[in-house]
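Read through the structure below, which is laid out as structure tokens, and then see the notes.
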Amino acid sequence: MATAGGIGGSRILLRRLREIMAAGGPAQERLDRLVQTIASTTVADVCSIYLKRGRVLELFATEGLKPEAVHRTQLAEGEGLVGLVAETGRPLSLADAPHHPRFSYRPETGEDPFQSFLGVPIVRAERVFGVMVVQNRVARVYGEDEVEALQTIAMVLAEITASGALGDLSGLTEVEAKPSRPDRLTGKAFSDGLAVGVAFLHEPHAPLGRLIADDPVAEEVRLMDAMGQVRADLDRMLEGEGGRLSGVSAEVLETFRLMVDDEGFVGRLKAGIQAGLSADAAVERVRAEHRTRMQAAKDPYLRERLNDLEDLDNRILRTLAGKTRITDLPDRTILFARDLGPAELLDYPSSKLAGVALEEGGAASHAVIVARALGVPMVGRMPGLLSRVEPGDKVVLDGERGETWLRPEPAVLAAFEERAKLRLAREEAYARLKDKPAVTLDGVKVTLLLNAGLALDVQHLDELGADGVGLFRTEFQFMVSEALPKLKAQTALYETILDAAKDRPVTFRTLDIGGDKLLPYLSTQREENPALGWRALRIGLDRPALLRYQLRALIQAAAGRRLRIMFPLVASAAEFEAARAYVDRELDWARARSGMEPSLIEVGAMLEAPSLAFCLDQLKGKADFLSIGTNDLMQYFFAADRGNARVADRYDLLSAPALRFLKAIREQADALALPLSICGEAAGRPLEAMALIGLGFRSLSMPATGIGLVKAMIRSMDAGAAAAMLEGVLSDSRPSLRGALAAYAREAEIALG
Ligand code: PEP
Ligand code: MG
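First residue of the sequence shown: 1, per the numbering used here; consecutive thereafter.
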């Protein structure tokens with residue numbers, strides 16, 4: 001397309017395009033005028049629009065090909081050059097089209113005389129729903145600016161069509177520009193629960209109505225302002241002050257920082273604006289390109305870099321959209337994102353958040369734990385999710401089965417509401433169990449504790465009938481703060497928790513950061529393997545001021561009361577001793593300072609590094625208790641990253657190696673008379689809890705959603721029989737014993753929920 005005036009020409013074109021669209025009238029007429037305008041404004045001999053109808057690409061409008069071919073010419077999926085453009089989602093520019101191996105000749109179109117071909121996908125939210133083509137008689141190479149200009153027009157056409165502004169295309173309702181039919185995606189259930197709500201995209205789209213801009217100067221100012229803001233945010237984060245790190249490492253931030261000033265990148269954005277797009281639409285177009293390239297990239301390193309670039313695009317888009325976005329959430333928001341960090345999730349007001357749907361994500365990642373703590377259902381690992389949802393869509397999120405229903409039919413909604421009622425009834429039944437003891441049929445008492453991280457969770461202790469808090473994740477307070485919480489704020493939170501727990505025990509875990517939990521104000525270096533790196537107690541021991549500050553707050557908050565403190569990721573007895581020494585120093589300090597101290601203090605270690613299992617005897621007389629964090633223990637035991645979707649579910653805790661290991665730990669702890677509990681997510685799943693009780697565990701700490709389920713299970717099981725059964729399966733070499741254990745539970749009529 002030799003534009004009359006290159007990119008400047010496309011601005012005129014965009015304006016005309018808008019006029020044509022605004023003029024009203026039948027959609028077919030407007031498409032016809034559109035192709036005429038493109039062909040005449042440029043020096044193209046042909047301009048055609050193909051749109052997807054079902055699985056074929058149909059010629060919808062043309063200037064230059066035979067008019068009788070319109071609605072007659074249909075190309076099967078992948079057929080011809082047009083099919084190739086649709087298949088790859090990328091532009092195709094050829095000086096000698098007839099000799100391309102994919103060229104497919106359609107006599108009814110009369111396209112024989114045209115040598116050169118330029119096709120661009122009509123794409124929106126990664127979905128190709130058509131192709132726009134220009135052709136010329138003479139063999140010519142289309143310039144990069146021409147390709148760009150046509151892409152810009154195609155993008156705007158895509159948005160306009162998707163918005164429904166084109167109306168019903170000649171009654172061809174099957175042309176699905178914007179997904180409107182019911183759809184269903186299956187993924188993994190990350191956080192239990194059912195929700196009906198309205199879709200909200202974490203990564204926004206450029207708002208419709210702000211795609212084309214008449215004043216490029218004003219748009220460039222908006223863009224540069226937003227870039228300046230992003231640059232300042234990045235600088236702040238890199239310097240380790242305020243801001244929100246959102247799970248991004250320092251090296252990625254450095255790359256972002258370079259990109260923000262990169263002439264090529266900024267130039268591409270400005271070119272979009274010069275072509276007539278708004279600043280938002282210009283960023284969105286670049287983002288679409290990054291995404292297409294990322295999906296096509298085979299090299300994992302390149303994929304990751306392109307992924308990072310997309311994150312930067314999103315950051316700029318969010319800045320352009322303004323901070324009001326999050327406060328404008330619809331009631332009963334179902335949040336859609338590719339992936340989320342725990343802090344990003346906590347940015348959303350929980351009062352409006354009904355559920356979370358992720359394209360990626362790992363079942364044991366901390367965002368999942370946050371979702372569970374908030375009682376928000378979450379489903380993850382649904383490839384293609386973001387290209388199938390539109391903001392404002394009605395959504396049914398099934399956190400029990402791991403499914404997402406988009407734009408559900410009334411029958412689905414009705415069935416779902418029925419299930420929600422049943423669920424409520426079940427929850428009420430669990431609530432009735434709340435004052436009943438968690439005792440097995442053969443009289444074994446199991447202590448059921450709550451995993452918590454927010455003051456909100458602890459308020460539920462009574463209604464859940466839990467025996468206390470087995471794991472309080474203190475880092476959540478740090479993660480939601482813009483700066484290191486002051487001593488007073490830390491003390492106040494711990495007091496609130498102890499007050500809410502009344503006389504029930506609360507085990508506070510000291511700051512467990514690193515891995516996927518990053519603090520914006522604590523600068524850390526990028527590490528090859530963050531899960532194996534500088535995290536948890538390692539940071540506490542290397543930065544004792546941070547640890548002592550927190551211990552001081554805990555001791556103050558528990559003055560005159562019982563205090564239980566637990567250190568995360570203890571890898572050796574020496575580490576535990578070093579950490580405990582800080583507790584003693586802080587106790588001395590408190591005594592000297594105020595004479596106030598806790599009435600009882602117990603200090604324990606989390607067993608998450610397998611190494612600790614081999615030196616439990618060395619903890620005797622030093623540690624008051626142990627708690628196994630199965631989330632981390634399993635990732636280190638099987639050498640499988642808990643946050644990496646590819647491997648996170650590869651190994652099962654319900655398998656002989658893991659169960660044998662847990663049993664050995666339990667036996668040793670018993671022999672040493674070291675009180676032992678389990679506080680990973682597994683403890684809250686009835687089948688896993690049954691196995692753990694069979695292995696001899698008598699204290700389980702779990703997310704709130706697990707308490708009722710596990711109590712009902714315990715009250716229907718026989719611990720002695722389960723122990724005998726487990727003894728039998730420990731020699732089974734299958735990668736997962738889940739099926740065998742479930743069969744046993746069915747036979748023994750154990751309630752698994
Ligand atoms: C664990 O690792 O099992 C645990 C309870 O700690 P977190 O999930 O917070 O790492
Ligand atoms: Mg852990």
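In this text, a Cβ means the ideal position worked out from N, Cα and C, and glycines have one as well. If you're wondering where the values come from, they're calculated on a predicted model, not measured in any experiment.
Can you check DSSP and say which residues form a bridge with methionine 132? The residue labelled residue 132 in the question sits at position 132 within the sequence shown. Looking at the DSSP assignment, methionine 132 forms a beta bridge with Ile49, Val120.
Checking 8 Å against the spacing of the C-beta atoms, do alanine 501 and glycine 540 come in under that value? Position 501 of the sequence shown, counting from 1, holds the residue named residue 501. Position 540 of the sequence shown, counting from 1, holds the residue named residue 540. No, they are not a contact pair.
Identify, in the order they occur along the chain, each residue of the same chain with its Cβ nearer than 6 Å to the Cβ of alanine 640, setting aside the five sequence neighbours on each side. Indexing the sequence shown from 1 puts residue 640 at position 640. Taken in chain order, the residues that qualify are Val647, Arg650, Tyr651.
Does the beta-carbon of asparagine 631, which I'm using as the reference point, lie nearer than 7 Å to any heavy atom of the ligand MG? Position 631 of the sequence shown, counted from the start, is the residue given in the question as residue 631. Checking every heavy atom of the ligand MG against the Cβ of asparagine 631, one is found closer than 7 Å.
If you scan the region 466-552 from start to end, which runs of the beta strand (DSSP E) of 3 or more residues do you find wholly inside it? 469-473, 506-509
Mind checking histidine 99: buried by the 16 CB within 10 Å criterion, or exposed? Here residue 99 is taken as the residue at index 99 of the sequence shown, counted from 1. Classification for histidine 99: exposed.
Just reading off the beta strand (DSSP E) that asparagine 451 is part of, what are its end residues? Position 451 of the sequence shown holds residue 451. Where asparagine 451 is concerned, the enclosing beta strand (DSSP E) stretches over 447-452.
Which listed residue (Arg715, Glu126, Gly680) has its alpha carbon closest to that of arginine 291: Residue 291 sits at position 291 when you count from the first residue of the sequence shown. Checked all of Arg715, Glu126, Gly680; the closest Cα to arginine 291 is Glu126.
What does DSSP give as the partner residues of aspartate 834 in its beta bridges? A question about residue 834 goes unanswered here, because the residues of the chain that appear run from 1 up to 753.
For the region 697-708 against the region 677-685, do three or more pairs of beta-carbon atoms, one drawn from each stretch, fall closer than 8 Å, so that the two count as touching? yes
Take glutamate 241 and list the residues in its own chain whose beta-carbon comes closer than 7 Å to its own, dropping the five residues that flank it on each side. Mapped onto the sequence shown, residue 241 falls at position 241. Unreliable positioning characterises glutamate 241 in this predicted model, as indicated by a pLDDT of 44, which lies under 50. The coordinate reading is nonetheless provided below. Within the same chain, glutamate 241 has close Cβ partners Tyr521.
Assign glutamate 304 to one of two classes, buried (16 or more other C-beta atoms within 10 Å of its C-beta) or exposed (fewer than that). Translated into the one-based positions of the sequence shown, residue 304 becomes position 304. Glutamate 304 sits exposed, since fewer than 16 C-beta atoms from the chains shown fall within 10 Å of its C-beta.
Thinking C-alpha only, which one of Phe129, Val123, Val70 is nearest glutamate 77? In the sequence shown, the residue the question calls residue 77 occupies position 77. With distances taken between Cα atoms, glutamate 77 lies closest to Phe129.
Residue range of the beta strand (DSSP E) that includes alanine 354: Along the sequence shown, read from residue 1 onward, the residue named residue 354 stands at position 354. From DSSP, the beta strand (DSSP E) with alanine 354 extends over 353-358.
Nearest to glutamate 400 by CA position, among Pro330, Val134, Phe567, Gly355, is which residue? The residue labelled residue 400 in the question sits at position 400 within the sequence shown. Ranked by how close their Cα comes to the Cα of glutamate 400, the residues Pro330, Val134, Phe567, Gly355 have Gly355 in first place.
Within 7 Å: the Cβ of glutamate 608 and any heavy atom of the ligand MG? Here residue 608 refers to the residue found at position 608 of the sequence shown. Look at glutamate 608: its beta carbon is less than 7 Å from one of the heavy atoms in the ligand MG.
Using 10 angstroms around the beta-carbon of glutamate 417, count the other beta-carbons present and answer buried if the total reaches 16, otherwise exposed. Here residue 417 is taken as the residue at index 417 of the sequence shown, counted from 1. Looking at its Cβ environment, which holds fewer than 16 other Cβ atoms inside 10 Å, glutamate 417 is exposed.
Rounded to the nearest angstrom, what separates arginine 18 and valine 131 at their Cα positions? On the sequence shown, residue 18 is found 18 positions in, with the first residue counted as 1. On the sequence shown, residue 131 is found 131 positions in, with the first residue counted as 1. Approximately 19 Å between the Cα atoms of the pair.
Thinking proline 762 and valine 370 are a contact (beta carbons under 8 Å), I'd like their distance in whole angstroms, please. The structure shown does not extend to residue 762, since the chain is modelled only from 1 through 753, so no value can be given for it.
Just to confirm before moving on: does the CB-CB distance between leucine 687 and alanine 742 stay below 8 Å? Residue numbering aside, residue 687 sits at position 687 when the sequence shown is read from its first letter. Residue numbering aside, residue 742 sits at position 742 when the sequence shown is read from its first letter. Yes; because the gap between Cβ atoms is below 8 Å, this pair is in contact.
Would you say the beta carbon of leucine 707 is closer than 7 Å to some non-hydrogen atom of the ligand PEP? On the sequence shown, position 707 is the one that residue 707 refers to. One point to set straight first is that residue 707 is isoleucine, not leucine, in the sequence displayed. No, the Cβ of isoleucine 707 stays beyond 7 Å of every heavy atom of the ligand PEP.
Could you compute how far the alpha carbon of aspartate 280 sits from the alpha carbon of valine 156? Against the sequence shown, residue 280 aligns to sequence position 280. Against the sequence shown, residue 156 aligns to sequence position 156. Using only the alpha carbons, I get a separation of about 12 Å.
Straight-line Cα distance separating alanine 452 from glycine 375: For the purposes of this step, residue 375 is taken as residue 375 along the sequence shown, with counting starting at 1. For the purposes of this step, residue 452 is taken as residue 452 along the sequence shown, with counting starting at 1. Distance between the alpha carbons of glycine 375 and alanine 452: 11 Å.
Residues of its chain near glycine 728, where Cβ-Cβ distance is below 8 Å and the 5 sequence neighbours each way are ignored: Here residue 728 refers to the residue found at position 728 of the sequence shown. Taken in chain order, the list of residues that qualify is empty.
Go through its chain and collect everything with a Cβ distance to arginine 293's Cβ below 8 Å, but skip five positions before and after it. Position 293 of the sequence shown, counted from the start, is the residue given in the question as residue 293. Result list for arginine 293: Leu306, in chain order.
Segments assigned alpha helix (DSSP H), at least 4 residues, entirely inside the region 612-693: 630-637, 656-671
Per DSSP, which one or two residues make a beta bridge with glutamine 74? Counted from its first residue, the sequence shown places residue 74 at position 74. The partner list for glutamine 74 (beta bridge, DSSP) reads Glu58.
From glutamate 681 to alanine 373, what distance separates their C-alpha atoms? Position 681 of the sequence shown, counting from 1, holds the residue named residue 681. Position 373 of the sequence shown, counting from 1, holds the residue named residue 373. Rounded to whole angstroms, glutamate 681 to alanine 373 spans 11 Å at the Cα level.
Per DSSP, what kind of secondary structure is phenylalanine 576 in: helix, strand or coil? As a working note, residue 576 is residue 576 in the sequence shown. Correct three-state label for phenylalanine 576: helix.
Would you mind working out which of Pro437, Glu144, Gly80, Thr404 sits nearest arginine 184, comparing C-alpha positions? What you label residue 184 is simply residue 184 of the sequence shown in a count that begins at 1. Residue Thr404 is the option with its Cα nearest to arginine 184.
Chain B contact for isoleucine 38 (CB, 8 Å cutoff): Among the chains in the structure shown there is no chain B, since it carries only a single protein chain.
Cutoff 7 Å; reference serine 246; Cβ partners in own chain excluding five residues on either side: On the sequence shown, residue 246 is found 246 positions in, with the first residue counted as 1. Because the pLDDT of serine 246 is 40, which lies under 50, any placement of that residue in the model is unreliable, and the number read from its coordinates should be weighed accordingly. Counting only Cβ-Cβ distances below 7 Å, and skipping sequence neighbours, we find Gly341, Ala343, Glu344.
Output the boundary residues of the alpha helix (DSSP H) element that contains isoleucine 38. Mapped onto the sequence shown, residue 38 falls at position 38. It spans 27-41 - the alpha helix (DSSP H) in which isoleucine 38 sits, taken as one unbroken run.
Which residues in the same chain as glycine 515 place their Cβ atom closer than 7 Å to its Cβ, once the five residues preceding and following it in sequence are excluded? Taking the sequence shown and counting its residues from 1, one reaches residue 515 at position 515. Correct list, in chain order: Pro530, Ala531, Arg535.
With respect to the alpha helix (DSSP H) encompassing serine 387, which residues constitute its N-terminal and C-terminal limits? The residue labelled residue 387 in the question sits at position 387 within the sequence shown. Unbroken alpha helix (DSSP H) run through serine 387: 385-388.
Proximity of leucine 659 and leucine 726 at Cβ, strictly below 8 Å: The residue you call residue 659 lines up with position 659 of the sequence shown. The residue you call residue 726 lines up with position 726 of the sequence shown. Yes, the Cβ-Cβ distance between leucine 659 and leucine 726 is below 8 Å.
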